[in-house]
Amino acid sequence: MLYRLPEMNDKSILQEYIQEHYDNNEFGISASLGLPVSEYADWVEKIQRNASVGDEEWGKSLLYLCFDDDKLIGLLSIRYELPENLTEEIGDIGYGVRPSERNKGYATAMLRYALSVCKEKGKDKVLLGCYKDNSASVTVIKKCGGVLVEENSNYNEGRISQYYAIKL
Ligand SMILES: CC(C)(COP(=O)(O)OP(=O)(O)OC[C@H]1O[C@@H](n2cnc3c(N)ncnc32)[C@H](O)[C@@H]1OP(=O)(O)O)[C@@H](O)C(=O)NCCC(=O)NCCS
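In the numbering used here, the protein residues as written are 1 to 168.
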């Protein structure tokens, strides 16, 4: 797979990516950092700024477009400088795969790549948040060595959140 930051001329492939979710009745785009409700140019600038100088709250982070054979497969958010309080809320890594490309091993490959990036950046552990009923994501996290460390329903009414730690 190829991983890279978004550029100005990726607008149409990202619109298509979002539309595919909507066509499948999915109205939240994981790891998109607000893309559907942002002005595209502002969003690209924000992502590029996050990668270079970082954000006041999040520190430096990467949002990668993940391609296979030139097709945009998924989005991968690697928040490798997140302060502890935010890590405990949103986790260090987020990802999503377009509906037509699921169950082909892509998220597992993307998470493994994110772990290698975090290790390279000097982290020795990451924390991942996931809803308990998101069986596909729980499977991906466990396949990458995730160990359940916490379970709660504090942050989202009714849905149980789980937190998994992965040692690097
Ligand atoms: C979660 C998500 C990223 C998984 O992506 P993916 O590319 O399909 O994941 P993979 O193919 O690498 O692995 C999925 C695994 O879950 C398993 N799986 C899929 N649906 C499942 C279900 N309903 N119950 C149990 N296991 C399930 C698959 O069999 C596969 O495991 P296997 O390789 O051992 O067979 C994708 O479903 C998605 O984008 N969902 C919406 C966004 C999201 O939930 N992001 C994660 C937030 S924590």
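Even for Gly, the Cβ is constructed at its ideal location relative to N, Cα and C.
Taking C-alpha atoms, which residue in the options lies nearest to residue i?
| i | options | result |
| --- | --- | --- |
| residue 63 | 51, 57, 69 | 51 |
| residue 160 | 105, 130, 94 | 130 |
| residue 1 | 152, 120, 104, 7 | 104 |
| residue 14 | 66, 126, 136 | 66 |
| residue 94 | 114, 17, 27 | 114 |
| residue 147 | 127, 133, 108 | 127 |
If you check the beta carbons only, do residue i and residue j fall under 8 Å apart?
| i | j | result |
| --- | --- | --- |
| residue 92 | residue 80 | yes |
| residue 99 | residue 9 | no |
| residue 82 | residue 58 | yes |
| residue 164 | residue 140 | no |
Going by other Cβ atoms of all chains shown within 10 Å of its Cβ, with 16 needed for buried, is residue i buried or exposed?
| i | result |
| --- | --- |
| residue 77 | buried |
| residue 116 | exposed |
| residue 22 | exposed |
| residue 19 | exposed |
| residue 153 | exposed |
Closer than 7 Å to a non-hydrogen atom of ligand 1 - does that hold for the CB of residue i?
| i | result |
| --- | --- |
| residue 130 | yes |
| residue 231 | This structure gives no information on residue 231, because the portion of the chain shown stretches from 1 to 168. |
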